[in-house]
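Number of protein chains: 2
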Amino acid sequence: MGSDTTFEAVGGGVLAPQGFVAAGVAAGIKKPGKLDVCVLAAHDAVPAAAVFTKNTMAAPPVVLSRRHVASGRIRAVVTNSGNANACTGDPGLSDALRMAEAVAEGLECAPTDVIVASTGVIGVPMPMDKVLPGISGALANLKTGTGEQAARAIMTTDTFAKQTAVRVHAHGHEYTAGGMSKGSGMIMPNMATMLAYVTTDAPLTPEACDKALRDAVDLTFNRITVDSDTSTNDMCCLLASGAAGGDAIGTDDPAYPAVASAILHVCRELARMIVRDGEGATKFIEVTVRGAASDADAREAAMSIANSPLFKTAIFGGDANWGRVVMALGKSSARVDPSAVEVVFAGILTCKDGAAFPFDEEAASTALAADEVEVLVDLHIGEGRSTVWTCDLSYEYVRINGEYRT
Amino acid sequence: MGSDTTFEAVGGGVLAPQGFVAAGVAAGIKKPGKLDVCVLAAHDAVPAAAVFTKNTMAAPPVVLSRRHVASGRIRAVVTNSGNANACTGDPGLSDALRMAEAVAEGLECAPTDVIVASTGVIGVPMPMDKVLPGISGALANLKTGTGEQAARAIMTTDTFAKQTAVRVHAHGHEYTAGGMSKGSGMIMPNMATMLAYVTTDAPLTPEACDKALRDAVDLTFNRITVDSDTSTNDMCCLLASGAAGGDAIGTDDPAYPAVASAILHVCRELARMIVRDGEGATKFIEVTVRGAASDADAREAAMSIANSPLFKTAIFGGDANWGRVVMALGKSSARVDPSAVEVVFAGILTCKDGAAFPFDEEAASTALAADEVEVLVDLHIGEGRSTVWTCDLSYEYVRINGEYRT
Numbered sequence: 349m350g351s352d353t354t355f356e357a358v359g360g361g362v363l364a365p366q367g368f369v370a371a372g373v374a375a376g377i378k379k380p381g382k383l384d385v386c387v388l389a390a391h392d393a394v395p396a397a398a399v400f401t402k403n404t405m406a407a408p409p410v411v412l413s414r415r416h417v418a419s420g421r422i423r424a425v426v427t428n429s430g431n432a433n434a435c436t437g438d439p440g441l442s443d444a445l446r447m448a449e450a451v452a453e454g455l456e457c458a459p460t461d462v463i464v465a466s467t468g469v470i471g472v473p474m475p476m477d478k479v480l481p482g483i484s485g486a487l488a489n490l491k492t493g494t495g496e497q498a499a500r501a502i503m504t505t506d507t508f509a510k511q512t513a514v515r516v517h518a519h520g521h522e523y524t525a526g527g528m529s530k531g532s533g534m535i536m537p538n539m540a541t542m543l544a545y546v547t548t549d550a551p552l553t554p555e556a557c558d559k560a561l562r563d564a565v566d567l568t569f570n571r572i573t574v575d576s577d578t579s580t581n582d583m584c585c586l587l588a589s590g591a592a593g594g595d596a597i598g599t600d601d602p603a604y605p606a607v608a609s610a611i612l613h614v615c616r617e618l619a620r621m622i623v624r625d626g627e628g629a630t631k632f633i634e635v636t637v638r639g640a641a642s643d644a645d646a647r648e649a650a651m652s653i654a655n656s657p658l659f660k661t662a663i664f665g666g667d668a669n670w671g672r673v674v675m676a677l678g679k680s681s682a683r684v685d686p687s688a689v690e691v692v693f694a695g696i697l698t699c700k701d702g703a704a705f706p707f708d709e710e711a712a713s714t715a716l717a718a719d720e721v722e723v724l725v726d727l728h729i730g731e732g733r734s735t736v737w738t739c740d741l742s743y744e745y746v747r748i749n750g751e752y753r754t
Numbered sequence: 349m350g351s352d353t354t355f356e357a358v359g360g361g362v363l364a365p366q367g368f369v370a371a372g373v374a375a376g377i378k379k380p381g382k383l384d385v386c387v388l389a390a391h392d393a394v395p396a397a398a399v400f401t402k403n404t405m406a407a408p409p410v411v412l413s414r415r416h417v418a419s420g421r422i423r424a425v426v427t428n429s430g431n432a433n434a435c436t437g438d439p440g441l442s443d444a445l446r447m448a449e450a451v452a453e454g455l456e457c458a459p460t461d462v463i464v465a466s467t468g469v470i471g472v473p474m475p476m477d478k479v480l481p482g483i484s485g486a487l488a489n490l491k492t493g494t495g496e497q498a499a500r501a502i503m504t505t506d507t508f509a510k511q512t513a514v515r516v517h518a519h520g521h522e523y524t525a526g527g528m529s530k531g532s533g534m535i536m537p538n539m540a541t542m543l544a545y546v547t548t549d550a551p552l553t554p555e556a557c558d559k560a561l562r563d564a565v566d567l568t569f570n571r572i573t574v575d576s577d578t579s580t581n582d583m584c585c586l587l588a589s590g591a592a593g594g595d596a597i598g599t600d601d602p603a604y605p606a607v608a609s610a611i612l613h614v615c616r617e618l619a620r621m622i623v624r625d626g627e628g629a630t631k632f633i634e635v636t637v638r639g640a641a642s643d644a645d646a647r648e649a650a651m652s653i654a655n656s657p658l659f660k661t662a663i664f665g666g667d668a669n670w671g672r673v674v675m676a677l678g679k680s681s682a683r684v685d686p687s688a689v690e691v692v693f694a695g696i697l698t699c700k701d702g703a704a705f706p707f708d709e710e711a712a713s714t715a716l717a718a719d720e721v722e723v724l725v726d727l728h729i730g731e732g733r734s735t736v737w738t739c740d741l742s743y744e745y746v747r748i749n750g751e752y753r754t
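Taken in order, these protein sequences are the chains called A and B. Each position in the first sequence, counted from 1, maps to that position plus 348 in this note's numbering. Each position in the second sequence, counted from 1, maps to that position plus 348 in this note's numbering.
What follows is the structure in C-alpha cells.
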C-alpha cells in the first residue's frame, strides 16, 4: 500500500478492467421496466474470492455461493434484485442452483463456476418464471451491457447506482480495478443487503484474490454501519481476469501491493457511497478512535459510537452532544482511562482529560451544519487506531422503515 | 418465588414499607418550581445493596456510591435531577462527597452511610449553591414527604412518576416492598439515566439484600432496552429497614423466597413502566426467545431483536415484518438451526421450519394495532428461554433526541 502508488480514476465501473462483460435487464421481479437481473462474467473461470454475511440465518444463495467460490475460480456472478430468496427453505436452495445452472448453460461452464446473489423481499418464493427468462436476456446482451447498467440492476432502495474504478501502474504493467455495490441500510419491504463486486484485470492468484479482498473488506465494508443491522444476504466478491497480462501475481509479488491498494481504494469508495446513500441519511459521519490499547479496542469503541441511536440523532439535530460520544465509548468493551479521554467534535475540542472542555456552541453549530462530520476520540493509553463511517438517524429513516410492506 | 405467593398491591411507593421517610424539593437545578432534589432515608443504617452501570465512563456519584454501599449498610440515598455530575473530573467527585456529607450531617450518620445519585445534563459542574440548600430543604421535610413527591423529584424527561408497592404474607409476617424509578431512554439534553430505588421492611441481611436485588435486576432492569444505549449514571439500590419485625432473614430463611419475590415484582413493574415511558414510544413490545441452547443464548437473541432499529421501526409502522426478527436473530451470537426457526408475531405464525408461513396480513395488521405486541421466537434446539421488553422507534424518538441541547 506504498504511499508512492498513484491512482488514476477511470470510468466503466466493473467493466473498466479488461476481460469482463456484463448486462442488466428488466425481468419483472421489481416494478415493470426496472432493471432487476444482472450477469457479470469473465472470459473464463478466473481466480476469485468472496466474503459473505456472518448472519447465521444466511439465505440460500449465500449457502450455495460459499460452496462455489471455495475452488478459488469463478466464471460469472448472477444477481437478482426484488427478491432475497431468504427464509425460503429447500425450494430456495433449488432455485439458487437453477439460477447458477441457467448461467452455466449459457456460458458453457460448470454451475459451480457461478456465484448467485439475491436481494430484496424475504420469505417470498422466487418468481423463477421471471428470473430464468431474465437470465437468458442478460446472457444475450452481455456484449453490449455497461457497468452502469449492471450497477442499476442490483439496486433495491438505493437512490443512486454505485460504481467506481481506478488504474494503477506497477512494475511496467498497468492494472485496473473496478467495482459496483448496492445497499443503503437494511431495506424495505423486508430486509436487504449489501452486495459488492470488484473486478481487476491483474493476474492475481486465487490466494492473492482472497487476501486482497479480505484485507480490503476489513478496512472498508466492515467499517461502515447504517443501523447496526446485518442482512442474511450480504456478499462481496472479487474476480481477477488476468487480462492485463504478465506473470501471475501472488501475495509476495512486488506488484501485489499496488494491485491490492487499488482494490482497497475501490472498496473504500463503494463503502462510502453506501453510507452516503444510507436510508434517510442527511450527513456522512467519520468516527476515529485513536490512542487505544489495541486496534481491536479502537474499532470496538468507534463502532459503539457509530451505532448509538442517541449519537446519530444528535448529529441529525446538529447538536455537538459529545456526552453521547463518551457514553457510547463507555458502554463498549474497549479499555479506557476515564481521566484521559479526549473528544474532538467536528474539529472542536469538547472533552479533555475526561472532563468537559469549554467550547463555543455557535462555532460548533456552524461546523455541524456541514454535510460531513468528523468525530475524533483519543483514549491516550496506547497506539490502537480505527476509523468507521456512518450516517445520522433521521425522521426519514423511521419513515422508510416503518412503512407497511404493502 | 413459589407460585403460592400472593401479592396485594398497596399505595405509597418507596414509603409503603415501614421504616422509611422521604422528601422531594425544588432547588432550582431544573426549571424553577420543578422538584429536583430527593432524600430517602431509613431510621438507621440498614442492610442495603446496589448495582451500578457497567459503563466504563461511570460518573463521580457512581464511583462514590460503589464505595459506600460496600459495607452492606446504608442510611439514606440523596438524588438530584437536572445535572448528572458526569465528566466533571475531580471536582465532580468532591461535589458528590459534599452531597453525602450534607445528608450525613442532617441525619447524624457517617457520610459513608449515604448513597449519592445524579441524573441530567453531563459535563456541567454541579450547581452546589442550589444542591446544598436543596438537600437541607429535603431533610427538613422528611416527615411530611410522600413517595409520589420523591418519585417526581428524580424525574428528567419522564412523562409520569414511576412507583409501585406490594404486600406479601409469609410465615406469619407481613412484609411490604415498594419502589420508584426514573428513565425513558437516554435523556436529553445530554444523556441520562435509569435510577431505581427499592425499599422493604423485611429484616433482610445485607447478603440477602444483595442476592435479592441482583436476582431481581437480572430478570427485570437488565431485560429492558429502549435504544441499546447505557448511561454513565445507572443505579438500582435496595434498602431493608427491618421494621416489619422478626428475626433477620438470610437467603436460606423460609421467608426469603416470598420477600425476594415481592422485590422481583416491584422491579418488574418499575422496569415495565420505564419501557412504557420510552422516549417517543407508541407501543410496548415483549420479545420472548425459547427453545434456545441456553438461557444466555435466548437472552442474547432476544436483546438483538429488541435492539434492532429495523425491527423497532416496523412495529412503529404496524408491519408484521417477521423477516427483521429473523435477521436480528441471525446477527446475534445465539446458536440456531436455520431450518428449525419459528416466529410468532403478535399471535400469528409467520415463519415455521425457518421458512415463510402464509398468514393473513389483515389479521396481522389488526393484531399490531394494539398497544402491546408480543413476539415469540422458538429455536427448537434446547430449553433456553428469555423475555425482554422494549418499545418501538418512532419519529418522536428522533425529535426528542435530535433537538438542540439549548
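Every residue, glycine too, gets a C-beta built ideally from N, C-alpha and C.
Practice prompt. Could you check which residue in A:475, A:400 and A:422 has the C-alpha nearest to that of residue 439 (chain A)?
Written response: A:475
Worksheet item: From residue 604 (chain A) to residue 592 (chain A), what distance separates their C-alpha atoms?
Response: 14 angstroms
Worksheet item: What's the gap between the Cα of residue 351 (chain B) and the Cα of residue 712 (chain A)?
Response: Caution applies to residue 351 (chain B), whose pLDDT of 44 falls short of 50 and renders its modelled position unreliable; the value that the coordinates give is listed next. Taking the straight line from one Cα to the other gives about 57 angstroms.
Worksheet item: In the DSSP assignment, what residue or residues form a beta bridge with residue 422 (chain B)?
Response: B:394
Worksheet item: In chain B, which residues lie less than 7 angstroms from residue 470 (chain A) when you measure between Cβ atoms?
Response: 671
Worksheet item: For the segment 701-713 of chain B, which residues have a CB atom closer than 9 angstroms to at least one CB atom of chain A, in sequence order?
Response: 701, 702, 703, 704, 705, 709 and 713
Practice prompt. Decide yes or no for the touch test of the segment 511-522 of chain B against the segment 553-560 of chain B: beta carbon pairs closer than 8 angstroms, at least 3 of them.
Written response: no
Fill in: Per-residue contacts from residue 687 (chain B) into chain A (C-beta, under 9 angstroms)
437 and 438
Practice prompt. Under 8 angstroms between beta-carbons, which chain A residues line up against residue 403 (chain B)? List them in chain order, please.
Written response: 675, 678 and 679
Worksheet item: Is the shortest distance between the beta-carbon of residue 467 (chain A) and the beta-carbons of chain B less than 7 angstroms?
Response: no
Worksheet entry | Contact between the segment 603-621 of chain A and the segment 707-724 of chain A (3+ Cβ pairs under 8 angstroms) | no
Worksheet item: In chain B, which residues lie with their C-beta within 9 angstroms of the C-beta of residue 743 (chain A)?
Response: 743, 746, 747 and 750
Discussion item. 7 angstroms is my cut-off, CB to CB: does residue 580 (chain B) come that close to chain A?
Written reply: yes
Item to complete: Spatial neighbours of residue 538 (chain A) within its chain, please: CB distance less than 6 angstroms, with the 5 preceding and 5 following residues excluded, ordered by chain position.
Response: Unreliable placement is indicated for residue 538 (chain A), whose pLDDT of 37 sits below 50; no coordinate value is reported for it.
Worksheet item: Ordered along the chain, which non-local residues of its own chain (more than five positions away) have a Cβ less than 6 angstroms from that of residue 676 (chain B)?
Response: 652, 653, 656 and 659
Fill in: DSSP bridge partner residues for residue 430 (chain B) (one or two, in chain order)
B:468
Worksheet item: Between the segment 411-419 of chain B and the segment 371-390 of chain B, are three or more C-beta pairs nearer than 8 angstroms?
Response: no
Discussion item. I'd like to know whether the C-beta of residue 353 (chain A) is nearer than 7 angstroms to at least one C-beta of chain B.
Written reply: no
Worksheet item: Taking residue 497 (chain A) as the reference, which of A:380, A:363, A:402 and A:437 has the closest Cα?
Response: A:363
Discussion item. Can you give me the C-alpha to C-alpha distance between residue 382 (chain B) and residue 552 (chain B), rounded to a whole angstrom?
Written reply: 35 angstroms
Worksheet item: So what's residue 586 (chain B) in DSSP terms, helix, strand or just coil?
Response: strand
Worksheet entry | residue 616 (chain B): first and last residue of the uninterrupted alpha helix (DSSP H) it sits in | 604-624
Worksheet item: With 16 as the cutoff for other CB atoms within 10 Å, does residue 488 (chain B) come out buried or exposed?
Response: exposed
Item to complete: Could I get the ranges of all uninterrupted alpha helix (DSSP H) runs contained in the segment 615-678 of chain A, with 4 residues as the minimum, in chain order?
Response: 643-655 and 657-664
Worksheet item: What's the C-alpha gap between residue 710 (chain A) and residue 698 (chain A)?
Response: 13 angstroms
Worksheet item: For a contact meaning CB atoms closer than 7 angstroms, what does residue 507 (chain A) contact in chain B?
Response: Residues of chain B passing the Cβ test: none, with the nearest at roughly 18 angstroms.
Fill in: Residue from B:410, B:472 and B:666 whose Cα sits closest to the Cα of residue 705 (chain A)
B:472
Worksheet item: Is residue 456 (chain A) helix, strand or coil when you go by DSSP?
Response: coil
Fill in: Partner residues on chain A for residue 684 (chain B), Cβ-Cβ distance less than 8 angstroms
404 and 405
Fill in: Three-way DSSP call (helix, strand, coil) for residue 379 (chain B) in this model
coil
Practice prompt. With hydrogens ignored, establish whether the beta-carbon of residue 708 (chain B) is closer than 6 angstroms to any heavy atom of the ligand FAD.
Written response: Within the structure as shown, the ligand FAD is missing, as the structure has no ligands at all.
Fill in: Exposure label - residue 644 (chain B); buried when at least 16 CB within 10 Å
exposed
Worksheet entry | DSSP state of residue 567 (chain A) mapped onto helix, strand, coil | helix
Worksheet item: Just curious, the beta strand (DSSP E) that residue 526 (chain B) is in, first and last residue?
Response: 521-530
Fill in: C-beta atoms of residue 630 (chain A) and residue 742 (chain A) nearer than 7 angstroms
yes
Discussion item. So, with DSSP's three-state summary, where would you put residue 517 (chain B)?
Written reply: strand
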